[in-house]
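In full-length UniProt numbering, the protein residues as written are 1 to 389.
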């Protein structure tokens with residue numbers, strides 16, 4: 001079979017050799033040029049925010065290893081014991097006396113702060129440690145090494161650490177979901193803010209009504225990505241996103257108020273090409289540079305503050321708010337995920353269920369009971385007794 005194949009190709013494969021002066025490659029490893037090419041592909045195919053996140057996490061790992069072990073990141077795979085040390089160094093845990101502790105020595109902590117690797121002394125949040133462990137696992141995978149993050153003891157420690165912190169009152173921080181009522185209050189703040197208000201209203205409604213878009217998706221939109229179907233409907237196209245990196249265009253609908261707000265922005269700003277949402281120049285003129293993801297977050301935070309809303313607001317509030325409101329209004333989960341493009345049911349279910357449960361009969365099992373009104377005179381006759389439970 002082999003000889004027939006070679007004959008059919010017209011040239012003997014055995015005669016093929018590296019050109020004069022070119023070194024033959026090792027069959028069981030990549031040379032540096034190939035490694036650099038792989039790195040270029042990985043960087044080009046990964047969102048800029050993700051690349052920065054990876055770089056920051058690996059920089060921290062390298063500095064921590066140097067401070068704690070005198071090792072450089074890249075010498076070889078990280079043993080599970082080192083990963084466990086990283087966790088106990090950075091996550092605070094409850095003590096018997098009610099205090100909290102973490103294992104990173106004070107001098108090591110100070111050294112990391114002095115080197116501007118850490119922004120402040122003290123432990124990290126669970127989210128930060130979890131992210132840095134995930135990046136470590138990704139890095140080991142790219143190197144072809146066994147990752148300590150796959151170790152059973154490491155997984156169990158992370159899981160138990162999260163439970164211990166939760167019992168101690170430390171919960172994972174999430175942005176407040178921007179459901180319909182606060183969204184309307186925020187939109188009302190745009191009415192008296194000229195061209196900036198028109199832009200912000202269009203941006204907020206597209207990001208929310210258009211499926212809870214990520215801030216990176218919103219700022220990446222170009223005028224060429226949208227097309228009008230009728231007075232009440234636009235379609236906008238998503239290309240490369242956080243979860244879909246193939247670059248295949250997928251169109252999403254924008255109807256009703258969101259469509260009207262987008263039309264108003266395009267007319268008021270006289271935009272015909274280039275970035276859809278742009279920064280404003282002095283004098284209230286529209287610039288040419290696109291908004292950044294951080295600016296989208298600031299828009300949400302600023303509008304929420306003007307509206308007098310309490311909560312931890314940010315760009316993600318638009319995404320979580322869309323899913324939560326969809327759950328409240330009984331929209332099927334499949335329809336919600338088709339709009340948001342969540343690839344994991346478990347990721348979206350937390351927000352969806354919290355909204356869906358507001359209309360659940362399980363929340364009103366004692367609806368036939370009426371709490372009696374309290375008379376102020378009765379309260380005066382029954383002073384608080386600390387001895388009574």
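Just so it is clear, CB atoms sit at the ideal spot from N, CA and C, and this is done for glycine as well. Keep in mind it's a predicted model, so treat the numbers as computed, not measured.
How many angstroms separate the CA atom of residue i from the CA atom of residue j?
i           : j           : result
residue 310 : residue 318 : 15 Å
residue 132 : residue 70  : 19 Å
residue 167 : residue 100 : 13 Å
residue 105 : residue 82  : 15 Å
residue 73  : residue 160 : 27 Å
residue 330 : residue 109 : 49 Å
residue 336 : residue 179 : 14 Å
residue 323 : residue 76  : 43 Å
residue 18  : residue 138 : With a pLDDT of only 48 at residue 18, under 50, the local geometry of the prediction cannot be trusted, and the value read off the model is given with reservation. Approximately 34 Å between the Cα atoms of the pair.
residue 3   : residue 144 : Unreliable placement is indicated for residue 3, whose pLDDT of 49 sits below 50; no coordinate value is reported for it.
residue 242 : residue 152 : Residue placement at residue 242 cannot be trusted, given a pLDDT of 48 that sits under 50; what the coordinates show is reported in the next sentence. Their Cα atoms are separated by approximately 29 Å.
residue 142 : residue 268 : 48 Å
residue 91  : residue 124 : 6 Å
residue 59  : residue 191 : 45 Å
residue 158 : residue 120 : 23 Å
residue 297 : residue 184 : 17 Å
residue 273 : residue 56  : 35 Å
residue 102 : residue 252 : 47 Å
residue 307 : residue 328 : 23 Å
residue 300 : residue 315 : 6 Å
residue 89  : residue 281 : 46 Å
residue 220 : residue 117 : 30 Å
residue 226 : residue 343 : 24 Å
residue 93  : residue 165 : 7 Å
residue 148 : residue 86  : 11 Å
residue 126 : residue 231 : 47 Å
residue 79  : residue 95  : 27 Å
residue 134 : residue 333 : 28 Å
residue 67  : residue 122 : 15 Å
residue 107 : residue 129 : 20 Å
residue 271 : residue 339 : 26 Å
residue 264 : residue 181 : 23 Å
residue 341 : residue 312 : 24 Å
residue 61  : residue 154 : 16 Å
residue 111 : residue 64  : 10 Å
residue 250 : residue 201 : 24 Å
Measuring alpha carbon to alpha carbon, tell me which residue in the options is nearest residue i.
i           : options            : result
residue 304 : 100, 60, 175, 111  : 175
residue 293 : 283, 286, 284, 279 : 279
residue 228 : 255, 334, 88, 148  : 255
residue 266 : 223, 253, 308, 230 : 223
residue 236 : 276, 200, 201      : 276
residue 150 : 84, 98, 202        : 84
residue 325 : 250, 187, 177      : 177
residue 320 : 234, 238, 207      : 207
residue 217 : 111, 238, 51, 290  : 238
residue 291 : 199, 51, 52, 98    : 199
Three-state secondary structure (DSSP) at residue i?
i           : result
residue 220 : helix
residue 384 : Residue confidence for residue 384 is low, a pLDDT of 48 falling below 50, so the modelled location carries little weight; the figure read from the coordinates is stated next. Residue state, collapsed to three classes: coil.
residue 153 : helix
residue 243 : Summary for residue 243: the model assigns pLDDT 48, below 50, so the residue's position carries little reliability; its value from the coordinates is reported in the next sentence. Coil at residue 243, not helix or strand.
residue 237 : strand
residue 229 : strand
residue 132 : helix
residue 93  : strand
residue 139 : helix
residue 101 : strand
residue 167 : helix
residue 341 : coil
residue 55  : helix
residue 73  : coil
residue 117 : coil
residue 331 : coil
residue 195 : helix
residue 148 : helix
residue 122 : coil
residue 179 : coil
residue 186 : helix
residue 363 : With a pLDDT of 49 at residue 363, under the threshold of 50, the predicted position of this residue should be treated as unreliable, and no value is reported.
residue 215 : helix
residue 80  : helix
Would you say residue i lies against chain C (beta-carbon separation less than 9 Å)?
i           : result
residue 133 : This model lacks chain C altogether, as it is built from one protein chain only.
- Message: Quick check on the DSSP output: what are the complete alpha helix (DSSP H) runs of length 4 or more inside the stretch 239–318, in order along the chain?
- Response: 256–269, 293–306
- Message: Across the stretch 283–299 and the stretch 252–259, are there enough close Cβ pairs to call them in contact, namely three or more that are closer than 8 Å?
- Response: no
- Message: Check whether the stretch 186–198 and the stretch 211–219 touch, using three or more Cβ-Cβ pairs below 8 Å as the test.
- Response: no
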